[in-house]
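S.K.: Mind looking over this structure? Questions follow.
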Amino acid sequence: MVLVKKSSGKWHICVDYTNLNKACPKDSYPLPSIDRLVDGAFGHALLNFLDAYSGYNQIMMYPPTDWAEYGGLR
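Be aware that the sequence shown starts at 57, since it is given in the numbering used here, and climbs by one per residue.
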């Protein structure tokens, strides 16, 4: 684990998982289709995801939809 200072002045944690990846068995299953992912997001006001580049992200869903005010989240 290494701390790297970004150009913005913030610190970023970098980890080399090469050896861990080599030691873990690979799962062979297909990725879900886009239709399944979109259907799974229906009914939620926020979509959260993790990515290896930027870390944690939280995206507001398109507000003019019927389900945007679900559960008083708006």
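Ideal Cβ placement from N, Cα and C applies to all residues, glycine included.
Leaving out five residues before and five after Met57 in sequence, what residues of the same chain have Cβ atoms less than 8 angstroms from its Cβ?
M.R.: Ile69, Cys70, Val71
S.K.: Just to confirm, is the Cβ distance from Leu76 to Trp67 under 8 angstroms?
M.R.: Judged by their CB atoms, Leu76 and Trp67 are not nearer to each other than the 8 angstroms cut-off.
S.K.: Over the uninterrupted beta strand (DSSP E) stretch that includes Leu59, give me the two end residues.
M.R.: 58 to 61
S.K.: May I ask which residues mark the beginning and end of the alpha helix (DSSP H) holding Val71?
M.R.: Segment: none, Val71 is in no alpha helix (DSSP H) and carries neither H nor E.
S.K.: Determine the direct distance from the alpha carbon of Tyr73 to that of Ser63, and round the result to whole angstroms.
M.R.: 24 angstroms
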